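Comments concern the structure below.
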Amino acid sequence: MIIAIDGPSASGKSTLGRLLARALKLQYIDTGSMYRAVALAVIEAHVDPNDADAVTMLANQIEIDLEGDPDSLCVLLDGRDVTEQIRTDTVTEMSSIVSVIPGVRRAMVERQREMGRRGAVLNGRDIGTVVFPDADVKFFLTAAAEERAERRYIEDHMTASSSATLAETLYDLVERDRRDSTRADSPLKVADDAIVIDSTGKSIEEVFEEMMKNVHRNH
Ligand code: DC
104 MIIAIDGPSA
114 SGKSTLGRLL
124 ARALKLQYID
134 TGSMYRAVAL
144 AVIEAHVDPN
154 DADAVTMLAN
164 QIEIDLEGDP
174 DSLCVLLDGR
184 DVTEQIRTDT
194 VTEMSSIVSV
204 IPGVRRAMVE
214 RQREMGRRGA
224 VLNGRDIGTV
234 VFPDADVKFF
244 LTAAAEERAE
254 RRYIEDHMTA
264 SSSATLAETL
274 YDLVERDRRD
284 STRADSPLKV
294 ADDAIVIDST
304 GKSIEEVFEE
314 MMKNVHRNH
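Below, the structure written as structure tokens:
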């Protein structure tokens, strides 16, 4: 079974993706962390992010592995654990820039199809539209930008991965969503057959129940 979860930043994709994967005993694949690993590789290799050919070449060379169970997913870049490093503001910003490049997307989509072919919960921006258009169940999670920014702000301050103010977090999030939704290749959009869930004002448990009901209804 393939379950696709797409949606804008901080819409709850990873929290709910993990919960669904655990409940359904499926592998959990966070595709955003793969674009983040490419971004980190670009920064470390001092590659110009505007040089699409150089970034694509790097994306094809690096090894990205997602290890562990849904609750403790480790992201490995060429065998090195970069789970925490890929969550900094600089990498977040760079991941949105490199993910616009078609060659980078091709390299990641190919790996995602291979990783998920035996069944998985995958989250990202283009899972239901491009990576697995025949997914068994497709969700599009969304929430008001202010609420998403607040969630991200709390999370960032708990993990000390950012020192941005709430207003800065909101600004960056809206800007990133704009870039992710307006790019030419595989923009963030709702698949025709996706179940749209707006989690504004809802608890994680409520959204989880709603998603599980839909999984059972469709299976
Ligand atoms: O989900 P995330 O915030 O960790 O994703 C980081 C960036 O990667 C985000 O700005 C958009 C991009 N991304 C993408 O283009 N396609 C995906 N399937 C997942 C993420």
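Mapping the sequence shown onto my numbering, position 151 (from 1) lands on 254, and the numbers just tick up by one.
Where is the CB? At the ideal position from N, CA and C, for every residue including glycine.
Please read all numbers here as calculations on a predicted model, not as lab measurements.
A162 is the residue among L269, V293, A162 whose C-alpha sits nearest the C-alpha of V203.
Rounded to whole angstroms, the gap between the alpha carbons of R221 and M104 is 8 Å. Of the candidates D229, E253, V318, A223, D229 places its Cα closest to the Cα of R286. Taking 3 residues as the minimum length, the beta strand (DSSP E) runs contained wholly in the stretch 115–151 are 130–133, in order along the chain.
The C-beta distance from V310 to G115 rounds to 6 Å, short enough to meet the 8 Å contact threshold. Distance check between T134 and each of I300, S198, T303, D181 places S198 closest, using alpha-carbon atoms only. If you draw a 10 Å sphere on the C-beta of D283, you find 16 or more other C-beta atoms in it, and that means buried.
Not one heavy atom of the ligand DC lies closer than 8 Å to the C-beta of V277. For the options A155, A263, V185, A247, the alpha carbon positioned closest to that of L169 is the one of V185.
The residue among P173, D239, A155 with its C-alpha nearest the C-alpha of L129 is P173. According to the DSSP secondary-structure assignment, R255 is paired through a beta bridge with no residue.
Three or more Cβ pairs closer than 8 Å define a contact, and the stretch 301–318 meets that threshold against the stretch 234–245. For A263, the number of other beta carbons within 10 angstroms of its own is below 16, and it is reported as exposed. Of the other Cβ atoms in all chains shown, fewer than 16 fall within 10 Å of the Cβ of A270; this residue is therefore exposed. Assigned with DSSP and collapsed to three states, I200 falls in helix. In this structure, DSSP gives N153 a state outside helix and strand, which the three-state scheme calls coil.
The C-beta distance from V178 to S136 rounds to 5 Å, short enough to meet the 8 Å contact threshold. Distance from the Cα of L180 is smallest, within the candidate group E187, D154, I167, for I167. Counted as a single uninterrupted DSSP element, the alpha helix (DSSP H) harbouring G219 occupies residues 205–219.
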